[in-house]
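Following full-length UniProt numbering, the numbering of the sequence shown begins with 1 at its first residue and continues without gaps. Heads up, the beta-carbon is just placed ideally off N, CA and C, and yes, glycines get one too. For reference, the structure is listed below as structure tokens.
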Amino acid sequence: MSDSQALQTAVANPAFSAIRKPEARAAAAPKDFVIDAMRGFAALLVAYFHCRQVVWVGMEQFHRTVGRSLDLSTIAGYLTLPIAWGSAGVPIFFVISGYCIHRNSAIRLAANPQYRLDAGNFWARRFARIYPVLLAALLLTLALDTISLHFPPVSHKIREFGLVPFLVNLFSLQGVAGYTYGSNGALWTLSLEVQFYAIYPLLFAARRRFGMNAVLGAVAAVNVVSALVLERHDLQFFTSYWLSWTIGAYIADIRAASAVESRKSWLWYAAAAVLTGLGCVAFHFGQYGAFQLWALGFACYLYKALDGSGKPNLAARVLGRFGDFSYSLYLIHLPIFVCLASVLFRSTLQLSIWPSFGFMLVAIAVAYVFYRLVELPAMQWSASIKPRRG
């Protein structure tokens with residue numbers, strides 16, 4: 001394994017971004033481009049979904065005001081209609097997270113059934129990879145929200161603000177012990193990710209003892225019970241979203257056990273399209289059910305897309321570039337949008353769609369700088385933590 005490959009293996013971010021030097025990208029396996037492109041797509045989808053909420057009046061009021069006008073601004077506004085389902089990006093992250101976290105262990109376990117996960121090393125690398133970036137994102141949220149608060153009326157996106165909410169989010173307890181910090185509502189998913197990491201060594205031990213089919217069945221049962229018990233009380237715990245993450249791990253496990261490509265591609269892609277469409281329909285009756293359907297749809301797509309060969313197309317390459325810093329973009333985009341809307345528009349929703357495009361460009365630029373200054377050093381720290389030998 002080359003140095004660049006080893007670094008990728010050590011610090012690949014399960015949900016948001018992968019480290020890959022530019023010279024190594026050209027030689028990367030097609031499946032890595034699939035992962036990077038899906039990360040980039042999911043991050044952009046979620047970010048612009050939130051951007052529209054912060055700066056735009058929304059499709060219903062937009063249509064009521066502009067009607068059937070055919071000017072460029074109106075057409076651009078109507079073309080953003082699919083972003084109404086932008087929260088679908090979250091289950092993409094969870095499926096990819098489960099796949100990437102379990103992939104290397106699954107390969108080792110397939111080669112050596114006696115392989116055991118070094119839990120301490122795993123947790124240490126996850127901590128180094130996640131927490132420096134999270135702390136910096138919380139501090140940036142504090143700075144941006146402080147600016148936003150000086151431009152009343154205060155945006156409704158700014159909720160819990162102070163030391164206690166800061167600590168709740170720093171220790172990834174939002175959704176259980178409190179709410180997300182300030183305007184950064186996107187952080188609700190990060191607490192779930194940290195909980196997935198905390199429990200993964202136990203899941204891996206169960207995989208070794210009982211097999212992945214039994215694990216997936218047990219997790220599905222836990223997922224249903226947890227959703228029925230906790231979601232009604234607005235408690236967001238990893239057990240209610242565990243199935244989507246475990247499905248990603250399941251894909252990694254079955255692919256590690258066999259190198260044979262899946263057949264009947266159209267069936268997998270058709271299933272992905274149908275399940276995704278059903279998720280969009282279910283979204284109007286509740287987000288949680290839609291989330292489960294989306295996760296299944298994206299899992300079908302991922303399973304088949306990993307069979308791809310040859311060079312990625314232009315769209316995949318572009319999305320892969322965004323995938324590199326998708327973790328940074330995800331963590332800081334909302335406070336940027338809220339601050340810009342507060343300063344420029346006093347949190348008044350705009351009829352024109354054009355400001356939302358400008359806000360996205362600013363968020364992408366800031367996220368890339370944040371990635372270079374904060375996330376890359378965290379990756380390098382994570383890569384430096386070596387597992388014990390023997």
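How many Å lie between residue i and residue j at the Cα?
i	j	result
Ala249	Arg68	47 Å
Tyr181	Cys300	34 Å
Met212	Ile336	41 Å
Leu235	Phe291	16 Å
Pro165	Thr246	29 Å
Phe41	Asn121	30 Å
Ser73	Ala315	25 Å
Ala269	Ser244	Checking the sequence shown, residue 269 turns out to be Tyr, not Ala. Roughly 18 Å between the two C-alpha positions.
Ile77	Ser352	Going by the sequence as given, residue 77 is Gly instead of Ile. For Gly77 and Ser352, the distance between alpha carbons rounds to 7 Å.
Tyr303	Tyr115	25 Å
Leu140	Ser342	16 Å
Phe108	Trp123	According to the sequence displayed, residue 108 carries Arg and not Phe. If you take the alpha carbons of Arg108 and Trp123, they lie about 18 Å apart.
Arg255	Gln61	47 Å
Pro387	Pro201	14 Å
Gly289	Tyr197	24 Å
Lys157	Ile75	28 Å
Glu231	Gly277	23 Å
Ile251	Leu163	41 Å
Arg372	Tyr330	15 Å
Ser148	Asn313	41 Å
Phe93	Ala119	23 Å
Met1	Gln380	Since pLDDT at Met1 reaches only 38, below the 50 mark, its modelled position is unreliable, and the value read off the structure follows with that caveat. Rounded to the nearest angstrom, the two C-alpha atoms are 18 Å apart.
Tyr131	Ile199	17 Å
Asp32	Trp354	34 Å
Residue j and residue i - do their beta-carbons sit closer together than 8 Å?
i	j	result
Ile350	Trp56	It is Gln, not Ile, that sits at residue 350 in the sequence shown. In this structure, Trp56 lies closer than 8 Å to Gln350 by Cβ.
His50	Leu334	yes
Met360	Ala47	yes
Phe298	Ala272	yes
Ala220	Ser240	no
His102	Asp253	yes
Val322	Ala128	As written in the sequence, residue 322 is Phe, which differs from the Val given in the question. The answer is no: Cβ separation not under 8 Å.
Trp242	Val222	yes
Arg125	Ile385	yes
Ser155	Val369	no
With burial defined as no fewer than 16 other Cβ atoms inside 10 Å of the residue's Cβ, what is the status of residue i: buried or exposed?
i	result
Gly286	exposed
Val225	exposed
Glu193	buried
Phe283	buried
Gly58	exposed
Asn112	exposed
Gly358	exposed
Glu23	Residue confidence is low: Glu23 scores 37 on pLDDT, short of 50, so the model does not pin down where it sits. Its coordinate-derived value is still stated next. Counting Cβ neighbours within 10 Å, Glu23 comes out exposed, since fewer than 16 surround it.
Arg207	buried
Leu70	exposed
Ala367	buried
Val168	buried
Ala365	exposed
Gly217	exposed
Ala143	exposed
Ala378	buried
Ser183	buried
Val215	buried
Among the options, whose alpha-carbon lies nearest the alpha-carbon of residue i?
i	options	result
Asp145	Ile332, His102 and Gln380	Ile332
Leu187	Thr276, Leu134 and Val318	Leu134
Met38	Leu138, Tyr241, Ile75 and Pro91	Pro91
Ser258	Ala106, Tyr330, Ser352 and Arg232	Ala106
Val54	Ile385, Leu344, Phe370 and Trp381	Leu344
Ser87	Gly185, Arg125 and Ala365	Gly185
Leu267	Ala305, Tyr288 and Ile130	Ala305
Which same chain residues end up closer than 8 Å to residue i when comparing Cβ atoms and leaving out the 5 residues on each side of it in sequence?
i	result
Glu375	Ser17, Val133, Phe325, Tyr327 and Ser328
Arg346	Phe151, Pro152 and Pro153
Val362	Ile336 and Leu340
Gln195	Ser172, Phe237 and Phe238
Val176	Ser191, Leu235, Gln236 and Phe237
Ala26	Note on Ala26: pLDDT 36, under 50, position unreliable in the model; no value is reported.
If I measure Cβ to Cβ from residue i and keep anything under 7 Å in the same chain, skipping five residues before and after, which residues do I get?
i	result
Arg52	Thr80, Ile83 and Ser356
Tyr179	Arg159, Glu160 and Pro165
Phe204	Ser105 and Leu117
Gly279	Ala88, Ala290, Leu293, Trp294 and Gly297
Keeping to the same chain, check which residues put their C-beta closer than 6 Å to that of residue i; ignore five residues upstream and five downstream.
i	result
Ala295	Pro91, Val95 and Ser244
Ala6	The predicted model places Ala6 with a pLDDT of 37, which falls under 50 and marks its position as unreliable, so this point remains unresolved.
Thr189	Val90
Pro14	Unreliable placement is indicated for Pro14, whose pLDDT of 41 sits below 50; no coordinate value is reported for it.
Ser382	Val11, Arg125, Ala128 and Arg129
Ala110	Ala256 and Ala257
Just to check, is the beta-carbon of residue i closer than 7 Å to a non-hydrogen atom of the ligand NAP?
i	result
Asn213	Ligands in the displayed structure: none, and consequently the ligand NAP is not present.
Checking contacts by CB at 8 Å: is residue i closer than that to chain D?
i	result
Leu302	In the structure shown, chain D cannot be found, because there is only a single protein chain.
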